[in-house]
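Just so we're aligned: the sequence shown equals residues 13 to 158 in the numbering used here.
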Amino acid sequence: AVISVAGPPRTERHDSKQHANSMHIIVNAMKTANVNRIITIAGAAAKVPGTRLGIRQRLLRILLLRIATDVIKTKDIEVRILFESGLTWTIIRPPIIGTGKPAGKVIARADDLAGMRVDVEDITDFILSLLQTHDWDRKAPIVISR
13 AVISVAGPPR
23 TERHDSKQHA
33 NSMHIIVNAM
43 KTANVNRIIT
53 IAGAAAKVPG
63 TRLGIRQRLL
73 RILLLRIATD
83 VIKTKDIEVR
93 ILFESGLTWT
103 IIRPPIIGTG
113 KPAGKVIARA
123 DDLAGMRVDV
133 EDITDFILSL
143 LQTHDWDRKA
153 PIVISR
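Structure follows, in structure tokens:
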């Protein structure tokens, strides 16, 4: 499996299409190497085809479109690339990733935000746990620290 936690710069303007092209490069390299599974991070406000954003996600998206437009556009493009790739993907959608207070447990939901923060250690543990299961294949869980 490939684990990608790469993302666009949060504070600088950038070309969303050019930055998202890195996902095309990853997908093509995976196909060449016959690797079918990818786990990546998009963010709680990212749109995933075939799913609806919950009310909290929609509010978060409206806010982020004002303060981080390029990031949202980039992640939406990356999600679409993965959705159309034919690969087995899991797109993790955290709200705010923080440090300092790992809970030791992640709550993963398919529908809406149950909180606004996930600790970096908790999300790392969750990503690694995905390598042992296929419960979230071709799904985009929203994750928070418990």
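Glycine is no exception: its CB is placed at the ideal position from the N, C-alpha and C atoms.
Just to confirm, is the Cβ distance from residue i to residue j under 7 Å?
i: residue 142; j: residue 111; result: no
i: residue 60; j: residue 122; result: no
i: residue 155; j: residue 106; result: yes
i: residue 108; j: residue 78; result: no
i: residue 91; j: residue 58; result: yes
For the beta strand (DSSP E) containing residue i, name the first residue and the last one.
i: residue 112; result: From DSSP, residue 112 is part of no beta strand (DSSP E); its letter is neither H nor E.
i: residue 14; result: 14-16
Which whole-angstrom value is the C-beta distance of residue i and residue j, which I expect to be below 8 Å?
i: residue 80; j: residue 125; result: The Cβ separation is near 17 Å, so there is no contact.
i: residue 34; j: residue 13; result: Going by Cβ atoms, the distance from residue 34 to residue 13 rounds to 18 Å, so no, they are not a contact pair.
i: residue 15; j: residue 139; result: 6 Å
What residues in its chain sit with their C-beta under 7 Å from that of residue i, if we drop five residues either side in the sequence?
i: residue 28; result: 82, 85, 86, 89
i: residue 100; result: 48, 49, 149, 150
i: residue 20; result: 26, 31, 82, 83, 86
i: residue 69; result: 56, 57, 124, 125
For residue i, I'd like the list of residues in its chain whose CB is within less than 8 Å of its CB, leaving aside the five on either flank, ordered along the chain.
i: residue 94; result: 35, 39, 50, 52, 101, 103
i: residue 117; result: 134, 157, 158
i: residue 131; result: 109, 110, 111, 112, 113, 114, 115, 157
Just checking residue i against the ligand PLP - is the residue's beta carbon closer than 6 Å to any of the ligand's heavy atoms?
i: residue 105; result: As for the ligand PLP, it is missing from this structure, which has no ligand bound.
Apart from the five residues on each side of it in sequence, which residues of its chain come closer than 6 Å, Cβ to Cβ, to residue i?
i: residue 73; result: 57
i: residue 120; result: 153, 155
i: residue 97; result: 39
_To test your reading of the DSSP string, which unbroken beta strand (DSSP E) runs of 3 or more residues are found completely within the region 121-145?_
Uninterrupted beta strand (DSSP E) stretches at least 3 residues long and entirely within the region 121-145 occur at 129-131, given in chain order.
*Could you pull out every unbroken beta strand (DSSP E) segment of at least 3 residues lying fully inside the region 31-99, listed in chain order?*
As far as the region 31-99 is concerned, its whole beta strand (DSSP E) runs of at least 3 residues are 49-53.
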